[in-house]
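Written out below as structure tokens is the structure these notes cover.
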Amino acid sequence: MPAQNFGKHLHCWKEGGRKACQKDQIFQKMEADMMNLVPAIGELNGDRSNYGYGADKPQIGQYGQCEFQVDFKNKRAYVKDDIKGDIARIYFYMSKTYNINLSKQERQMMEAWDKLDPINEWEIKKTIKINKLKIYSFYLDAHLHKNYKVHQVFLKHAVHFYLFFLNVRINHQNELLKNLHSLYMLE
Numbered sequence: 072m073p074a075q076n077f078g079k080h081l082h083c084w085k086e087g088g089r090k091a092c093q094k095d096q097i098f099q100k101m102e103a104d105m106m107n108l109v110p111a112i113g114e115l116n117g118d119r120s121n122y123g124y125g126a127d128k129p130q131i132g133q134y135g136q137c138e139f140q141v142d143f144k145n146k147r148a149y150v151k152d153d154i155k156g157d158i159a160r161i162y163f164y165m166s167k168t169y170n171i172n173l174s175k176q177e178r179q180m181m182e183a184w185d186k187l188d189p190i191n192e193w194e195i196k197k198t199i200k201i202n203k204l205k206i207y208s209f210y211l212d213a214h215l216h217k218n219y220k221v222h223q224v225f226l227k228h229a230v231h232f233y234l235f236f237l238n239v240r241i242n243h244q245n246e247l248l249k250n251l252h253s254l255y256m257l258e
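According to the numbering used here, the stretch in the sequence shown is residues 72 to 258, in order.
If you want it as structure tokens, here you go:
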């Protein structure tokens, strides 16, 4: 999700855009959230800017054989089908985590993209690794402050996050919880 999408809801953004938000702790947290950071080719990322996504498939050729297109006139970016779900789930995560409202049209497109491109192994591995880091960081902080009760509550919420993110059906939750136990032990 481009910084403008989450920054525009903050007071600092209204005062001077991204530059004015650089010292805002909430903005810093959103900007550095590893769930929203995805490897990208700099030229494509720069050209995409803060444009919204278009639902159509990209025309190949603007960036060699890369399945990506930027319509500068209409301020739209078009991506290949097999990453549309990844984008949708990042948007849902950012929306849920930081209370960012998606427009009705944006939400509908993201829901369609989520169905078009189901979660894949790379996304699962990325999420697990990121959450291991978050949990480990929180564990160290809790340990340093002897706040083990808070640590236990955090782990409970981390499990619920996984269930939400992976959209696990009820009958698979017990199996997932067993597997997640080893993750929280940082094995």
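Glycine residues also receive a C-beta, built at the ideal position from the N, C-alpha and C atoms. No experiment lies behind these values; they were computed from the predicted model shown.
Can you have a look at residue i and say buried or exposed, based on whether 16 or more other CB atoms are within 10 angstroms of its CB?
i      : result
Gly113 : exposed
Lys155 : buried
Val109 : exposed
Asp157 : buried
Ser253 : Caution is warranted here: a pLDDT of 47 is assigned to Ser253, below 50, making its placement in the model unreliable, and the coordinate value is therefore given only provisionally. The residue is exposed, with fewer than 16 neighbouring Cβ atoms inside 10 Å.
Looking at residue i: is its Cβ nearer than 7 Å to the Cβ of residue j?
i      : j      : result
Ala91  : Cys83  : yes
Leu115 : Phe98  : no
Ala159 : Asp142 : no
Lys144 : Tyr122 : no
Val150 : Phe163 : no
Met181 : Met72  : no
Tyr124 : Ala103 : no
Asn107 : Ile161 : yes
How many angstroms separate the CA atom of residue i from the CA atom of residue j?
i      : j      : result
Ser120 : Lys203 : 30 Å
Asp152 : Phe77  : 24 Å
Asp188 : Gly87  : 37 Å
Ile201 : Met105 : 7 Å
Asp118 : Met101 : 22 Å
Pro129 : Lys167 : 28 Å
Asn170 : Lys205 : 20 Å
Ala111 : Gln176 : 25 Å
Asp127 : Gln179 : 14 Å
Arg89  : Asp95  : 10 Å
Ile199 : Ile131 : 33 Å
Asn172 : Ala183 : 17 Å
Glu192 : Cys137 : 22 Å
Pull the bridge partners of residue i from the DSSP assignment, please.
i      : result
Gln75  : DSSP lists no partner for Gln75.
Gly156 : DSSP lists no partner for Gly156.
Phe139 : Val150
Tyr124 : Ala148
Gly132 : Gly135
Got a sec: is the Cβ-Cβ distance from residue i to anything in chain B below 7 Å?
i      : result
Asn116 : This model lacks chain B altogether, as it is built from one protein chain only.
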